[in-house]
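If you read the protein sequences in the order shown, they are chains A and B.
Every number in this note's numbering is 110 more than the matching position in the first sequence, counting from 1.
Every number in this note's numbering is 110 more than the matching position in the second sequence, counting from 1.
We treat Cβ as the ideally placed atom computed from N, Cα and C, and that holds for glycine.
What follows is a set of notes on a single structure, which appears directly below.
There are 2 protein chains.
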Amino acid sequence: MAQRLGESTLLLQTPPAAVSWAAVGGKKEAEGPLGACFDCTSQDSAFGRKSWEAAESEMQHRALETALDKAGFGPGQLQCVFAGDLLNQCIGSTYGLRDMGVPYVGLFGACSTMAEGLALAALFVEGGFARHTAAVTSSHFCSAERQFRFPLEYGGQRPPTAQWTATAAGAAVLGPGQAPPYVRAVTFGRIVDLGVRDAANMGAAMAPAAADTLCRFFRDTGLGPDRFDLVLTGDLGQVGSQLLCQLMEREGNPLGRRHSDCGLMLYDKARHPQVGAGGSGCGCSAAVLCGRLLDDLRSGALHDLLFAATGALMSPTASQQGESIPGVAHLVWLSSAPQEE
Amino acid sequence: MAQRLGESTLLLQTPPAAVSWAAVGGKKEAEGPLGACFDCTSQDSAFGRKSWEAAESEMQHRALETALDKAGFGPGQLQCVFAGDLLNQCIGSTYGLRDMGVPYVGLFGACSTMAEGLALAALFVEGGFARHTAAVTSSHFCSAERQFRFPLEYGGQRPPTAQWTATAAGAAVLGPGQAPPYVRAVTFGRIVDLGVRDAANMGAAMAPAAADTLCRFFRDTGLGPDRFDLVLTGDLGQVGSQLLCQLMEREGNPLGRRHSDCGLMLYDKARHPQVGAGGSGCGCSAAVLCGRLLDDLRSGALHDLLFAATGALMSPTASQQGESIPGVAHLVWLSSAPQEE
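What follows is the structure, encoded as structure tokens:
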């Protein structure tokens, strides 16, 4: 049973573990610094399918299928899957996982989905609600652009604060803790909205939510940023990362060089300057986590990681109605050890 | 700790209870047979706001606020809220709950959201992850029509299989079980898609998912439909309800007169023939449950209710790309007693 700490952190008493995981990336992602880490990449942005949306479904399907294969599991060994994505009605997940026959808990957390799903999946194992669960999510540059901004053919100009939605997916299978990485704690985020209205500056909209969740985690646990090798946000990019570091310093929890952001790790900016302020999208943090960091935690190269995936709950409809962009960030503490040594 | 039964049912060992609840309805809903049961109704479909989407946020906010008031709670007493709706990016929930400051777990389950949220909320209490949680959802006829079908001004013709998206919201606060109704068990649904492509016949798309979840629950628990006063689906309407009853009979679990559907309870069809095959939308099952049935369970007028909210995971984009409509149904067993007597 989890121990509730402070206002809103859950410390897991018999920490579940990530059993297996997989990451899928597109062409630009394959050419980035983590390209070699992905289980599956495609030179074809459509992943062999007829639409960008179907491509995204394909990516989620491949991510979960590969993660299951690595564990030697069939889908029948999962008691449930937590999934969602950025597309309206989360069709990346719906159609991607339709044929799996696994009880399906649909999420909408925008780019915070990987942490939201991971947290719920871990709690289901901890609570005895499932023996094995999975969290999976994706994003696709082309499906996101046409849904949230402009059709690709329009060739819209991008300001320097704009980020690049990753064409990527990630899936992790969770189960009883037998080998690292373990899920030690989770903190669910609150909706934070400081009034940012610029749909080309998601980092600024999300940074306050990330700061809110991180500060609550540090206050609840009594731990500080120094306890962790890496405090990793999902997709704040250049602008949002700077804002987060300023906010955390002001709150007495300076992150310093322990902070990194998946959106700043995914691309080779010299080669692809169009990625602007960095990567974004549900698939960005999912693929960085499942492509590289879970491996580092298993090997012991990394000991303690705070994974705070950040979501801009942006809606074109709400934006056109003059609304600001609310943010949310969910946090998962991943560790190479199940408890304090 | 919950007991896992069979393939996918969770039997709660210390059943959490619905502490308080509230339902909000629009004008047509207020004129229906359950009109007097709603905590809050409005003759103004915009609920005093400037857009249908903002109206939906207002409804969710009022539903949760009223439920909290009835419990004598402030939002600070909730450790988390599970919410979602039909709007793209779930903006009914995002903007409706933004100012509450409660950790927010965003869901997308289409019209199955109330059961999905209720199941998760109950498990969080059962697992000790939260002392009090809430589930909330909504739908609005006008925001749904323009997003999924046609702008209202177009005056599109509706075939007789079409349903009427309810302008309604419901919220339930869950906590440790001290008084009925108790949450005795939950079963998460799988995605089921038998190839229905008609966006004006949601009932047919969802009925197989409802049958799948109900059959799994009956098989897992060894209970039959006779054990329950009411087997209540969310929004199958006339067409889907008939299909469900046929499917259940074929599977050896005839529902007979124990079955009812929230979509068939919400409206006075003689007065409002335009509702067609019945009500639908996340708010339909949420408002029927929170407006009437939870009260009946508390008073003892109803003893055992299987609440299976049904969702059509329909996407206009996927439909335009030729895809069929997947369905999902999540199930919650609500009872006036915490255990077998």
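With the cut-off set at 9 Å, would you say residue i and residue j are in Cβ contact?
i	j	result
G145 (chain A)	T277 (chain A)	no
L178 (chain B)	A244 (chain B)	yes
T420 (chain B)	A319 (chain B)	yes
A314 (chain B)	T275 (chain B)	no
G401 (chain A)	G347 (chain A)	no
Q257 (chain A)	G373 (chain A)	no
P261 (chain A)	L407 (chain A)	no
W131 (chain A)	H250 (chain A)	no
L399 (chain B)	M224 (chain B)	yes
K160 (chain B)	Q123 (chain A)	no
A181 (chain A)	G216 (chain A)	no
A428 (chain B)	A133 (chain B)	no
G332 (chain A)	R114 (chain B)	no
L404 (chain A)	A282 (chain A)	yes
H382 (chain A)	E117 (chain A)	no
Q384 (chain B)	R268 (chain B)	yes
A279 (chain A)	G202 (chain A)	yes
M424 (chain B)	M111 (chain A)	no
Leaving aside the five residues before and after residue i along the sequence, list all residues of the same chain whose C-beta is less than 8 Å from its C-beta, in chain order.
i	result
D322 (chain A)	G299, R300, V302 and A439
G184 (chain A)	L178
E361 (chain A)	A321 and C325
N363 (chain B)	L324, C325, F328, G334 and P335
If I measure Cβ to Cβ from residue i and keep anything under 6 Å in the same chain, skipping five residues before and after, which residues do I get?
i	result
D414 (chain B)	F338, D339 and S445
P126 (chain A)	A232, V235, E236, L284, G287 and V293
A240 (chain B)	Q189, C190 and F234
V341 (chain A)	P335, L365, R368, H369 and L416
L412 (chain B)	D339 and D406
L121 (chain A)	Q113, L115 and A295
K137 (chain B)	Q153
If residue i sits next to residue j, beta carbons under 8 Å apart, how far is it from one beta carbon to the other, in whole angstroms?
i	j	result
L376 (chain B)	E139 (chain B)	6 Å
T119 (chain B)	T343 (chain B)	The Cβ separation is near 17 Å, so there is no contact.
G437 (chain B)	M316 (chain B)	4 Å
D371 (chain A)	D345 (chain A)	7 Å
V433 (chain B)	Y205 (chain A)	It should be pointed out that residue 433 (chain B) corresponds to Glu in this sequence rather than to Val. With 8 Å as the limit, E433 (chain B) and Y205 (chain A) qualify as a contact, their Cβ atoms being about 7 Å apart.
Across which residues does DSSP place residue i in a beta bridge pair?
i	result
L340 (chain B)	B:L415
R114 (chain A)	A:L120
L284 (chain A)	A:A128 and A:T243
H369 (chain B)	B:V341
V442 (chain A)	A:V296 and A:F417
Y452 (chain A)	No information on residue 452 (chain A) is available, as it lies outside the stretch 111 to 451 that chain A covers here.
C325 (chain B)	Answer by DSSP bridge pairing: none, since C325 (chain B) is not bridged.
T151 (chain B)	B:G135
W274 (chain B)	B:G389
G437 (chain A)	A:V302 and A:A422
A279 (chain A)	A:V134 and A:S248
Once the 5 residues before and after residue i are set aside, which same chain residues still bring their CB inside 7 Å of it?
i	result
C252 (chain B)	S155, W162 and L262
F157 (chain A)	A165, E168 and M169
N311 (chain B)	T271 and V349
A422 (chain B)	A220, C221, M312, A315, M316, I435 and G437
P426 (chain A)	F258
P187 (chain B)	One detail in the question is off: residue 187 (chain B) reads as Gln in this sequence, not Pro. Cβ within range, chain order: H242.
G410 (chain A)	S446
C355 (chain A)	L365 and H369
Inter-stretch contact (C-beta, 8 Å, three-pair minimum) for the region 391-399 of chain B and the region 217-227 of chain B: yes
Stretch-stretch touch, CB-based, cutoff 8 Å, three pairs: the region 199-212 of chain B with the region 173-186 of chain B: yes
The region 149-159 of chain B contacting the region 316-334 of chain B, beta-carbon criterion three pairs below 8 Å: no
contact_flag[the region 196-206 of chain A, the region 302-311 of chain A] where n(CB pairs < 8 Å) is 3 or more: no
Chain E contacts from the region 209-238 of chain A (Cβ-Cβ distance under 9 Å): No chain E appears in the structure shown, which is made up of the protein chains A and B.
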